[in-house]
Amino acid sequence: MESVEHAFFQLKRLTKISCWHRAAYESDAMWKLYAGEHKGIAICTTPDRMRAAFKPFRLKPDYGVEDLWGGPVQYVDLTQVRMRDVAMLDRFFFKHRAFEWEREYRLAISVRTAEEFGVRAPEHGILVDVDLPTLVERIVLGSTTTEAERATVAQHVAAAGLSDRLKLSTLLGQPRYV
Numbered sequence: 136m137e138s139v140e141h142a143f144f145q146l147k148r149l150t151k152i153s154c155w156h157r158a159a160y161e162s163d164a165m166w167k168l169y170a171g172e173h174k175g176i177a178i179c180t181t182p183d184r185m186r187a188a189f190k191p192f193r194l195k196p197d198y199g200v201e202d203l204w205g206g207p208v209q210y211v212d213l214t215q216v217r218m219r220d221v222a223m224l225d226r227f228f229f230k231h232r233a234f235e236w237e238r239e240y241r242l243a244i245s246v247r248t249a250e251e252f253g254v255r256a257p258e259h260g261i262l263v264d265v266d267l268p269t270l271v272e273r274i275v276l277g278s279t280t281t282e283a284e285r286a287t288v289a290q291h292v293a294a295a296g297l298s299d300r301l302k303l304s305t306l307l308g309q310p311r312y313v
């Protein structure tokens with residue numbers, strides 16, 4: 136393995152990523168892939184809301200703030216395109232063209248600097264504080280959620296003060312062909 140590839144492999148362990156789907160409308164494919172046949176919820180937001188909502192992250196309260204990176208994924212033919220001239224963190228914003236249908240937006244935090252100072256990086260991710268009213272534009276309930284599931288979600292959404300943002304999937308709507 137080339138030294139740059141080895142460094143990137145190590146950086147993968149130290150970079151925590153949150154992936155979002157970019158679309159102005161619901162995606163049947165995304166519901167099926169991530170919500171078991173439309174049985175789930177979708178949190179709808181925008182990049183501007185994300186930037187405003189996510190609070191500074193520190194591995195420990197007395198440590199420095201870790202930078203939050205965000206941006207759309209660029210889809211390229213990774214069998215043809217070399218990433219040599221791409222900065223290390225920027226590499227997390229590239230994916231093979233075969234996944235272009237995902238229309239992904241990513242948030243990433245690297246805890247590399249903290250580990251350089253001897254702080255052990257969490258193995259399975261990090262928890263970043265967020266201002267929910269700022270982040271959430273709307274919450275969409277999947278089209279096959281049961282009444283009981285909807286009631287449970289509605290209860291949690293109300294507790295967060297976001298009841299006015301809870302919507303049903305447009306896939307439940309009646310098509311208008313005329």
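For the sequence shown, the numbering used here gives the first residue as 136, with consecutive numbering after it.
Backbone N, C-alpha and C define an ideal beta-carbon position, used for all residues, glycine too.
With a 10 Å radius around the Cβ and a threshold of 16 neighbouring Cβ atoms, residue 274 comes out buried. Taking 7 Å as the cut-off, the Cβ atoms of residue 246 and residue 201 count as close. By the beta-carbon neighbour count (other beta carbons within 10 angstroms, threshold 16), residue 167 is exposed. In this structure, residue 260 sits near residue 151, with a CB-CB distance shorter than 7 Å.
Two segments are said to touch when three or more pairs of C-beta atoms, one from each, lie closer than 8 Å; by this definition the stretch 204-212 touches the stretch 221-237.
Distance from the CA of residue 238 to the CA of residue 227, rounded to the nearest whole angstrom, comes to 14 Å. Under the 10 Å beta carbon count, residue 240 is surrounded by 16 or more other beta carbons and is classified as buried. Between the C-alpha atoms of residue 295 and residue 303 there is a straight-line separation of about 18 Å.
With respect to residue 203, residue 244 sits close: the two C-beta atoms are nearer than 7 Å. Inter-residue distance for residue 154 and residue 309 is about 31 Å (C-alpha atoms, whole angstroms). In this structure residue 265 is in contact with residue 189, their Cβ atoms being roughly 5 Å apart against a cut-off of 8 Å. Along the length of the stretch 226-275, whole alpha helix (DSSP H) runs at least 4 residues long occupy 247-251, 267-270, reported in chain order. Burial of residue 278 is indicated by the presence of at least 16 other C-beta atoms within 10 angstroms of its C-beta. Rounded to whole angstroms, the gap between the alpha carbons of residue 272 and residue 221 is 33 Å. Distance between residue 184 and residue 223, taken at the CA atoms: about 26 Å.
In summary, residue 276 is buried, with 16 or more beta-carbon neighbours lying within 10 Å of its beta-carbon over all protein chains present.
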